[in-house]
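**Student:**
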Amino acid sequence: MICYEANIEDFSYDMLWKTFDEVLPDLYKIATNGEQKAWEVSLMQIAKVIQKSNLNTNVKVYLEYKFDFCESRCDVILTGNVKGVDKVLVIELKQHSTFNRVSLGNDIQLLTGKTGRGYLGSQIKRYINFFETVVQMQNHEKEFEINGVAYLHNLKRSTVIKKELQLNKNDWTVTGTNLKFFLHDEHDKFANYLNEVFQDCEKSNFIEEFEKTKNKRGFKTVEVLKNKTNEHDIVLTDVQMKLAKEVKTFVQKVEDNKKLVILEGKAGTGKTIFLYSLFLYFKNLKKYENNTFIMARNPTYVKNINLFLEQNYKFNRASSVETFKEAKDQIILFDEAQRLTMNQVTNAIKVAKTVIICLDEQQKINAKDNVTKQWIKNTFKSIDPKGSIYENTLLNQMRFLKNSEYITMVESLFSDDETFIDNSKANIHLFNNLNEMHFDINNLLKQNNKLSIKAFSINDNKFEFKTGWLNTPFSKEEIATIYYVHGLEVDYVVIYIPKGIEINNVNYISIKDKIKNNRLMTLLTRALIGAYIYCKDKNIYKIIKNKLGV
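In terms of the UniProt record's numbering, the sequence shown opens at residue 1 and continues consecutively.
Structural data, given as structure tokens:
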């Protein structure tokens, strides 16, 4: 969210002649005294740097930029276009004259508030990563280059040397990422760096274009995880970051007994992304690197997701755990744990020091999916009565950022919630005529032929699925079973509901066959943008029609 935007000339004027309740009126009303004082000091320091530079008026300045999912705001962002490349500088300003310590990755830990602590380099990298992840997923047409800068205007180089922070002049490498670091009395050096970055620049609309993607965003799991080998490169919400810290602390606490971590969450809450970030964290620690494994039962899911993962960071099939032997400090992480067999869960608990599972019992899609959270806990306690259990729930539905109305409507279809939802925004299309549905989908593909669309029947199973119901213009490759997409996403789903489905006597979808009910909900939650439902069952058609208000 843009809180302040100006060119260099207007920014300099605002810093000289305006008060901060005029510069940042909305934020100023809710800011603490500490934040207000920090602006008065730190923003004046960056203003001095900019005044010393030779930046032209094409450079844009953004103050206190607010990212999605972040409680914190980025202090300053500068943008400009140099020879067709959008240049973006993410700048964090700090008044600290010292810091607590240097991490193994050469990051610095600062006090935040009275009792909090945070790593500055990791925060800057997170902002950069959020920009890069979203922009790449939205196929940004222009080249772009995003760099991070730390400006600690009260920190002296003598303190940096004493505390053994590794800087090469003003170059700062944090866990493999190159950043810049400017210190006390380095206005000129910082100004010269800005001159180099934005020399002869034209205007850039990078931030404005980034803002426009808000109504288009949706997080495909494979796009977020693609080729990632470091947990810091994966986008998590602030809430998830705190949850990850709790899990890491729990797992690494020195105890002789076993540990079990249970993480629940509805579809779209980022369970796979969150679990994979934990996997990377432990995999990259020397203590656990050879004994950390991430698994899922569904072989199609494992095969599909592994196409996007680096060689030493791939999923294993859950069946392999039945051959594992007990090993010291072994960590086994399970995705889609509601689909595991009892033998797989039991052996994992026996051989591992820690088992971490993500599950959603509403996504049981096969009659043989018998594992429950309570059964897992009981089994764990029977194997190690003194073992420790940590439980939590993921809430934020990251996948549906692209269309939050969509998931709200999907949930409404399966509940007695009568809250009005605008279906024109929810983007769920209901048909009882196949030709009419074909016509609509063809028009959609004419507008955008790059959309990923998969079609499913709720009656299909793992071994056999029919294609005749959908007919032309679709090829067989566009029709799939639920096992193809479970745990992953497409832009649109097409779902076939045949005749003769037994339902309960309520005003929402409640299929007597619980597995079919779960399948329908799970399939609908695979979509990032919307759904086409071809329903031949008159009773279910009537329920959906009433819910959609069409």
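Where a beta carbon is used, it is the ideal one built from N, C-alpha and C, also for glycine.
Helix, strand or coil for residue 250? Go by DSSP, reduced to three states.
**Tutor:** helix
**Student:** Who pairs with residue 147 in a beta bridge, going by DSSP?
**Tutor:** In the DSSP assignment, the residues bridged to residue 147 are 89.
**Student:** Between the region 50-62 and the region 178-193, can you find at least three pairs of beta-carbon atoms closer than 8 Å?
**Tutor:** Touching, per the Cβ criterion.
**Student:** What residue range is occupied by the uninterrupted beta strand (DSSP E) comprising residue 490?
**Tutor:** 490-497 is the span of the beta strand (DSSP E), which, as asked, contains residue 490.
**Student:** Using only the alpha-carbon positions, how far apart do residue 409 and residue 260 sit?
**Tutor:** 34 Å
**Student:** Out of curiosity, what's the CA-to-CA distance linking residue 116 and residue 100?
**Tutor:** 12 Å
**Student:** Ordered along the chain, which non-local residues of its own chain (more than five positions away) have a Cβ less than 7 Å from that of residue 102?
**Tutor:** 108, 163, 164, 165
**Student:** Can you tell me whether residue 217 is helix, strand or coil according to DSSP?
**Tutor:** Note that residue 217 scores 49 on pLDDT, short of 50, meaning its location in the model is unreliable and no value can be drawn from it.
**Student:** With three or more C-beta pairs closer than 8 Å as the rule, is the region 343-352 touching the region 498-507?
**Tutor:** no
**Student:** Taking 9 Å as the threshold (C-beta atoms), are residue 341 and residue 367 in contact?
**Tutor:** no
**Student:** Should residue 323 be labelled buried (16 or more other beta-carbon atoms within 10 Å of its own) or exposed?
**Tutor:** exposed
**Student:** From what residue to what residue does the beta strand (DSSP E) around residue 172 run?
**Tutor:** 171-174 is the extent of the beta strand (DSSP E) around residue 172.
**Student:** Determine, using beta carbons only, whether residue 124 and residue 90 come nearer to each other than 9 Å.
**Tutor:** yes
**Student:** Expressed to the nearest angstrom, what Euclidean distance is found between the alpha-carbon atoms of residue 547 and residue 413?
**Tutor:** About 6 Å.
**Student:** When the Cα of residue 302 is compared with those of 489, 270, 314, 21, which residue comes out closest?
**Tutor:** That would be 314, whose Cα lies nearest to the Cα of residue 302.
**Student:** Say whether the region 196-211 touches the region 287-300, bearing in mind that this needs 3 or more beta-carbon pairs closer than 8 Å, one atom from each stretch.
**Tutor:** no
**Student:** Starting from the C-beta of residue 472, find all residues in its chain whose C-beta is less than 6 Å away, skip the five residues before and the five after it, and write them out in chain order.
**Tutor:** Because the pLDDT at residue 472 is just 42, under 50, the model does not fix this residue reliably, and the point stays unresolved.
**Student:** Could you please give the first and the last residue of the uninterrupted beta strand (DSSP E) stretch that includes residue 293?
**Tutor:** 292-296
**Student:** Could you spell out where the alpha helix (DSSP H) holding residue 180 opens and where it closes?
**Tutor:** Element bounds for residue 180: not the alpha helix (DSSP H) but the beta strand (DSSP E), 177-182.
**Student:** Between residue 600 and residue 9, what straight-line distance do the alpha-carbon atoms span, to the nearest angstrom?
**Tutor:** As displayed, the chain neither begins before 1 nor continues past 550, which places residue 600 out of reach and without an answer.
**Student:** Tell me which residues share the same chain as residue 542 and place their Cβ nearer than 6 Å to its Cβ, disregarding the 5 neighbours each side in the sequence.
**Tutor:** none
**Student:** If you drop the 5 nearest sequence neighbours on each side, which residues of the same chain put their C-beta closer than 7 Å to that of residue 423?
**Tutor:** Residues of the same chain with a CB within less than 7 Å of the CB of residue 423, apart from the 5 flanking positions on each side, are 409, 548, 549, 550 in chain order.
**Student:** Evaluate contact between the region 249-263 and the region 231-240, counting only Cβ atoms and requiring at least three cross-stretch pairs below 8 Å.
**Tutor:** Look at the beta carbons and you see the region 249-263 not touching the region 231-240: under three pairs across the two are nearer than 8 Å.
**Student:** Indicate the three-state DSSP secondary structure (helix, strand or coil) for residue 55 in the structure shown.
**Tutor:** coil
**Student:** Between residue 105 and the rest of its own chain, which residues show a CB-CB distance below 7 Å, the 5 nearest in sequence each way excluded?
**Tutor:** 174, 175
**Student:** May I have a chain-ordered list of the alpha helix (DSSP H) segments no shorter than 4 residues that lie completely inside the region 341-367?
**Tutor:** The qualifying runs are 342-351.
**Student:** In whole angstroms, give me the CA-to-CA distance for residue 33 and residue 189.
**Tutor:** 31 Å
**Student:** Measure the alpha-carbon distance for residue 338 versus residue 515 and round it to whole angstroms.
**Tutor:** 13 Å
**Student:** Whose C-alpha, out of 46, 270, 518, is nearest the C-alpha of residue 552?
**Tutor:** Shown here, the chain extends from 1 to 550; a query on residue 552 therefore has no answer.
**Student:** Per the DSSP calculation, residue 66 is bridged to which residue(s)?
**Tutor:** 73
**Student:** Cα-Cα, which of 36, 441, 458 is closest to residue 450?
**Tutor:** 441
**Student:** What number of angstroms, rounded off, separates the C-alpha of residue 132 from the C-alpha of residue 84?
**Tutor:** Taking the straight line joining both Cα atoms gives about 17 Å.
**Student:** In chain order, what residues of the same chain have a beta carbon less than 7 Å from the beta carbon of residue 206, not counting five sequence neighbours either side?
**Tutor:** The residues are 79, 86, 88, 144.
**Student:** What three-state label does DSSP hand residue 509 in the structure shown?
**Tutor:** Coil.
**Student:** In the DSSP assignment, find the unbroken beta strand (DSSP E) run with residue 237 in it and report its ends.
**Tutor:** Careful: residue 237 lies outside any beta strand (DSSP E) and carries neither H nor E.
**Student:** So does the region 529-541 actually touch the region 427-441, counting three or more Cβ pairs closer than 8 Å?
**Tutor:** yes
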